[in-house]
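Engineer:
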Amino acid sequence: MDFSILNQSPVLDDHTVAASLQDTVDLAIRADQLGYRRYFVAEHHNDEKLAGTAPEIMISHLLAHTEQMHIGSGGVMLQHYNPFKVAEQFQLMQHLGSGRVDLGVGKAPGGLPLSTQALQHELREDAVSFNRKFKDLKRFLSQEPTEEWQGLKTSPDTSHPPDLFLLGSSPSSATFAAEEGAHFIYAHFITNNERLLEESIGAFRTYNGTGRFIVALSVIVTDDTSIQDEIIGRNRIFKLTFQDGKVLRVGSKDKANELLSTTSGQVDVEIIEPHIIAGTASEVLSKLDEIASKTGVDELMFHLPTHDAGLRHQTIEALAPVHTIHAAQKTNTL
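Per the UniProt record's numbering, the very first residue in the sequence shown carries number 1; after that it's consecutive.
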């Protein structure tokens, strides 16, 4: 069972934005030394709590500071971008990073409506769907010949493209990833629903028996119950469902109220309690083993749900593959 890390690059307590981003780098360097399989960085916009706005830039920087781990995006929010340009960027990084680059793609906007409007300001109103963009991205990466783009290449050497991952939290997303031959990362830390997880695994395995199914979940190593309670409080998710069926998830009551104050019509609000695996290192590892045994997933990816730099480093140290029985199970697969 491989262990990996998803770092959203939060603005840490008592840290500047620059110092928080440096901690993203420091955490990657240590994770590389500790035997983690891959290290993904996220894309969020106009969020005072999160500093990672451009994963392609962060990945390039991290590649220069690490030696073994795969470095990837968790993920590029493809609806904002041109698939060919994304393919070019990641193929270039794949060359610079000696084949250690993973391209994770997300369907969410990575921000609230204002940032989405800014990012998509120059896009046509009849812009193509996410599914079409994902299919085009796959073709550009793999150089599958198409009549429309015959002879178009992302690089003079496209023999080793980065591996493609889709991030999602539903059986339909898992099915789409499988049908497209992509790996899938289930965002358990966002959608705490065991039934959907099981259905997503089943759907993925039905259509893709060889791809990797990864579960991204929240973990923290501390046996201090007061700290655990504080972390849970800071990670509640407010799910807003609008009349047109559109769904937005925000991480604070203030953000939810801000949206509600500028929206006409009925909006349903649901408070989702976070599912965080917390406790001593042995307690957390025991729960992780239980999840892995029950689901049969290929890999677990740790989201660290705290803005406390010390707790973040403490957690990856305590759960490090080189310190656990999982070290003996590591392979050289994707």
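The beta carbon of each residue, even a glycine, is placed where N, CA and C say it ideally should be.
Could you give the first and the last residue of the continuous alpha helix (DSSP H) run that contains R249?
Structural biologist: Run containing R249: none in the alpha helix (DSSP H); it sits in the beta strand (DSSP E), V247 to V250.
Engineer: Does the Cβ-Cβ distance between Q91 and P162 come in under 8 Å?
Structural biologist: yes
Engineer: Tell me which residue opens and which closes the beta strand (DSSP E) that V297 is part of.
Structural biologist: Neither: V297 is in no beta strand (DSSP E) and is coded neither H nor E.
Engineer: Here's the rule: buried if 16 or more other CB atoms are within 10 angstroms of the residue's CB, otherwise exposed. What is S173?
Structural biologist: buried
Engineer: Give, in chain order, every unbroken run of the alpha helix (DSSP H) that is at least 4 residues long and sits entirely within the region 182-226.
Structural biologist: 194-207
Engineer: Would you kindly check if the distance between the Cβ of F238 and the Cβ of V267 is under 8 Å?
Structural biologist: no
Engineer: Need the endpoints of the beta strand (DSSP E) that I151 sits in, please.
Structural biologist: Per the sequence presented here, residue 151 reads as Gly, with Ile not at that position. Where G151 is concerned, there is no enclosing beta strand (DSSP E), given that its DSSP letter is neither H nor E.
Engineer: How is N332 classed by DSSP in three states: helix, strand or coil?
Structural biologist: Unreliable positioning characterises N332 in this predicted model, as indicated by a pLDDT of 44, which lies under 50. A coordinate reading is not provided.
Engineer: Please name the residue or residues paired with E270 in a DSSP beta bridge.
Structural biologist: Looking at the DSSP assignment, E270 forms a beta bridge with K239.
Engineer: Since M77 sits in a beta bridge, which residues does DSSP pair it with?
Structural biologist: G106
Engineer: Take D23 as the anchor and find which of R312, P321, L319 and V322 has the nearest alpha-carbon.
Structural biologist: R312
Engineer: Less than 7 Å between C-beta atoms, sequence neighbours within five positions excluded: which residues of the same chain meet that for T66?
Structural biologist: A28, I29 and D32
Engineer: Report the rounded CA-to-CA distance for V219 versus I232, giving the unit in angstroms.
Structural biologist: Answer to the nearest angstrom: the Cα atoms are 11 Å apart.
Engineer: Going by C-alpha to C-alpha distance, which of L288, L78 and H61 sits closest to H70?
Structural biologist: H61
Engineer: Using 8 Å as the Cβ pair cut-off and three pairs as the minimum, do the region 129-139 and the region 177-184 touch?
Structural biologist: yes
Engineer: Within the same chain, show all residues whose beta-carbon is closer than 7 Å to that of N208, passing over the 5 residues directly before and after it, in chain order.
Structural biologist: Leaving aside the five residues that flank N208 on each side, the residues in its chain whose CB is nearer than 7 Å to its CB run, in chain order, A178 and G181.
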